[in-house]
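Below is one structure; the comments refer to it alone.
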Amino acid sequence: MKVKNMVRNRQSTYFKLMQMNTKNLKKGLLLGVLALAVVFMASKLDDGFFRWFLAILSFVVAGAESVFKLIKGGKDAKLDMGLVVVAIFIPFFMGKFVLAATTMAIYKIATTLISYMMANIGKEFRAIYDVCPKYANIIDDNANIRQIPSENIVKGMKLMVKADEVVPVDCMVTEGFSEFDTSKVYAHGKNESLSSGDKALAGYVNINSSVTCVAACDYDESLVKDLNRMADMAETTATTGEKRFIKIAKWYPIAVLVLAILVLLVSGFMSSDWGSGMSVVSVLLIAATTGSFMVAVPLFSTCAVWKLKKKGLAISSSEILDEIADINCIAFEKNGIMTDGVFKISDTYTAEGISEEDLLMIAGICVGGRTHPISRIFTPYMNEHLTAENVMEFPGKGVECTIMGKTFICGTEEFIKECGVDVEEIPGYRLYITIDNVVMGAVSYEDKLSESSANDIEELRKLGVEKVVMFTTDKEDAAKIAFGASGADEYVAEVTPFGRAEAVSKIKQEEGVTCAYVGEALGGEQAINEADVGISLISKENNGLEFSKVTLLGKLRTIADAVDIARVANSKVEIHFYCASAAKIIITLLGLFGALNIASALVIDVILTMAAFVSCKEMLKK
191 MKVKNMVRNR QSTYFKLMQM NTKNLKKGLL LGVLALAVVF MASKLDDGFF RWFLAILSFV
251 VAGAESVFKL IKGGKDAKLD MGLVVVAIFI PFFMGKFVLA ATTMAIYKIA TTLISYMMAN
311 IGKEFRAIYD VCPKYANIID DNANIRQIPS ENIVKGMKLM VKADEVVPVD CMVTEGFSEF
371 DTSKVYAHGK NESLSSGDKA LAGYVNINSS VTCVAACDYD ESLVKDLNRM ADMAETTATT
431 GEKRFIKIAK WYPIAVLVLA ILVLLVSGFM SSDWGSGMSV VSVLLIAATT GSFMVAVPLF
491 STCAVWKLKK KGLAISSSEI LDEIADINCI AFEKNGIMTD GVFKISDTYT AEGISEEDLL
551 MIAGICVGGR THPISRIFTP YMNEHLTAEN VMEFPGKGVE CTIMGKTFIC GTEEFIKECG
611 VDVEEIPGYR LYITIDNVVM GAVSYEDKLS ESSANDIEEL RKLGVEKVVM FTTDKEDAAK
671 IAFGASGADE YVAEVTPFGR AEAVSKIKQE EGVTCAYVGE ALGGEQAINE ADVGISLISK
731 ENNGLEFSKV TLLGKLRTIA DAVDIARVAN SKVEIHFYCA SAAKIIITLL GLFGALNIAS
791 ALVIDVILTM AAFVSCKEML KK
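In the numbering used here, the protein residues as written are 191 to 812.
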């Protein structure tokens, strides 16, 4: 099932928050501060009409909007708002107008600041979400350039991306050459030089000169859109820590309200001091609110989800954060993870009478001209005067075609053997070329190891990853060379799809670790399913998002970042849980003994919530 069909037209919860701009912030703070000033003047007056009038005025100025929202919201109104408003009205109806007005003013200022902080965090998410431009330049049939909304782009449209513009949709460059900044798509991205035949992802920023492109998909099917949808999906689930808070939020208010009723009854019937009982009840109602739990805590995992997406890793469920945090072993494919995706010819073998130039020309005619990275090795050797006919492609194996009446086969050693050609005397090459079932020659090529791969593995070790295993389809000799430069602990050479899954299962059983596997979905689906955390490597040619709950656009450093982010998010949830729980207990106990009034209780609760938002903001910027 495609990701775009799983979640359609869904946006982050925090995208839908009230748009708290600077004007709304100033208005809310002005009303709150004005209400505080008025009630301060009232507190300086002796009991009388003016003291009563100013306190009522302050109460109305600060609380009118909250009361209106509560009444208008009905059943949809938040429980916390109802508890706070009722708690504030208790001292008001008891004649403690100054205390009630002061508390309402504090509540007005607090809700304004909290809304503003939430909206700012929502803007951070929006910046990660909206990497595509709203408008795009299309080239019509008459070669005229006109601007249309990006959402109207469909596959096959011809586009012009000018310097300093953002690529609106995944597309193939057809004319021109330029440098593209990829950092808007994933944090560890670097500048890429793209020219005709190369793929540019939506969100890339054109740095130098204009290029002409053809849309490779509809606007809504770009890779970045699929990654956004996965992040949206993750917000619909809860981590283990969040589930704990949900249980608390379900029973905790009821328990505190029962305690409040008991206090009121005991205080009223046993000591006939209903006033003291009501004062305690007002404080307990503040203690019964769950905002510092249920508003702040889910935000930690949401921040983690969107920060991971920015780093180039998308998850489909917040529950996976717990699994990522526990990773202490990683198995990964060499190609695409430790390599830069730039292949080069390392060795050739030619039969007697065949020149290397002719061999490479035939290979270019057979497999060149395609977008696959392997194909690009041979594209420069294509001969424009010769074309392949009767082409039959065997995915993952090779190509059979006819050139000038001769039958050529170009493919892997196994494929050549399947076609009945003996290559036992020249083993170990990655591509073989035959003419009329006679070997012409063979070619070996290699993908350059990334200079940062060893450093990325070192970062994983610093985070407590105990074992790193490299998988590769390379022969033993080539695998050993790559392993020596990788910094991994072990390697598995000549790995097959079933062999990957078997190796992952063996690692889990023998080592007793939480194992993550990172590899392409095509050929690695079994290993992805077998691993504790299966991470599908996204290629520009095939997103593979329908195969995995976790998808990666980046390098091993992104996995190190993911482990760190997940652990930070979980630790922040734990810290906030204990701090909030301790504060609630303190508020309850002090309230029971009359050592805390409603205004002080509200201030403590607000500080807890705001501290969580500040922590989330720091987490996003880290």
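Beta carbons: idealized from backbone N, C-alpha and C, even for Gly.
Given the structure is predicted, the values throughout are model-derived calculations rather than measurements.
- DSSP places T778 in the helix class (H, G or I) of the three-state scheme.
- DSSP, reduced to helix, strand and coil, places V753 within a helical segment of the structure shown.
- Residue state for N398 is assigned as coil, using DSSP reduced to three classes.
- When DSSP states are grouped into helix, strand and coil, G631 belongs to the strand group.
- Contact annotation, L475 with V453: C-beta distance approximately 11 angstroms; criterion of less than 8 angstroms not satisfied.
- Listed in chain order, the beta strand (DSSP E) elements of length 3 or more contained wholly in the stretch 414-495 amount to none.
- The residue among P585, L391 and I304 with its C-alpha nearest the C-alpha of C403 is L391.
- With contacts defined by Cβ atoms closer than 8 angstroms, A300 and A252 do not form a contacting pair.
- P617 and I718 have their C-alpha atoms roughly 31 angstroms apart.
- The shortest C-alpha to C-alpha distance from I671 to any of L220, I697, V694 and L639 is the one to L639.
- Cβ contact annotation for T704 (same chain, cutoff 6 angstroms, sequence separation greater than five): D516, I517, N518 and D722, in chain order.
- Setting aside the 5 residues that flank it on each side, G467 is surrounded in the same chain by V453, L454, S457 and G458, each with a C-beta closer than 7 angstroms to its C-beta; the list follows chain order.
- Per DSSP, P687 is one residue of the alpha helix (DSSP H) stretching across P687 to E701.
- Beta-bridge partners assigned by DSSP to V321: none are found.
- Fewer than three Cβ pairs drawn from the stretch 315-324 and the stretch 270-279 lie within less than 8 angstroms of each other, which leaves the two stretches out of contact.
- For K234, no alpha helix (DSSP H) segment is defined, and its DSSP state is neither H nor E.
- If you keep only unbroken alpha helix (DSSP H) runs of at least 4 residues inside the stretch 337-416, you get nothing at all.
- For C705, the pairing in a beta bridge is given by DSSP as C519.
- In this structure, A785 lies away from T292, with their beta-carbon atoms at least 8 angstroms apart.
- Taken atom to atom, the span from the alpha-carbon of S761 to that of E700 is near 29 angstroms.
- Rounded to whole angstroms, D331 and V359 show a C-alpha spacing of 20 angstroms.
- The three-state secondary structure of D667, taken from DSSP, is helix.
- Every alpha helix (DSSP H) of 4 residues or more that sits fully in the stretch 266-309 is shown, in chain order, as 269-283.
- Within a 10 Å sphere around the beta-carbon of Q716 sit 16 or more other beta-carbons, which makes this residue buried.
- Y442 and D270 have their alpha carbons spaced roughly 13 angstroms apart.
- For A504, the enclosing beta strand (DSSP E) starts and ends at L503 to I505.
- Around the beta-carbon of G654, fewer than 16 other beta-carbon atoms lie within 10 Å, marking it exposed.
- Assignment of M809 by DSSP, reduced to helix, strand and coil, places it in the helix class.
- The alpha-carbon separation between D410 and I510 amounts to approximately 25 angstroms.
- Taking C-beta separations shorter than 8 angstroms and ignoring five residues to either side along the sequence, the partners of V659 in its chain run C519, I520, A521, F522, A678, D679, E680, Y681, V682, A693 and I697, following chain order.
- Secondary structure note for V613: it is in no alpha helix (DSSP H), with a DSSP letter that is neither H nor E.
- Within the same chain, Cβ atoms closer than 8 angstroms to the Cβ of M582 are found at V589, E590 and C591, the five residues on either side in sequence being excluded.
- Secondary structure note for S726: its beta strand (DSSP E) is the uninterrupted segment V723 to L727.
- Looking at the DSSP output, N327 shares a beta bridge with Q337 and M350.
- Separation of the CB atoms of L247 and V228 is rounded to 6 angstroms, and the pair is thereby assigned contact status at 8 angstroms.
- Here M660 is bridged, per DSSP, to F522 and Y681.
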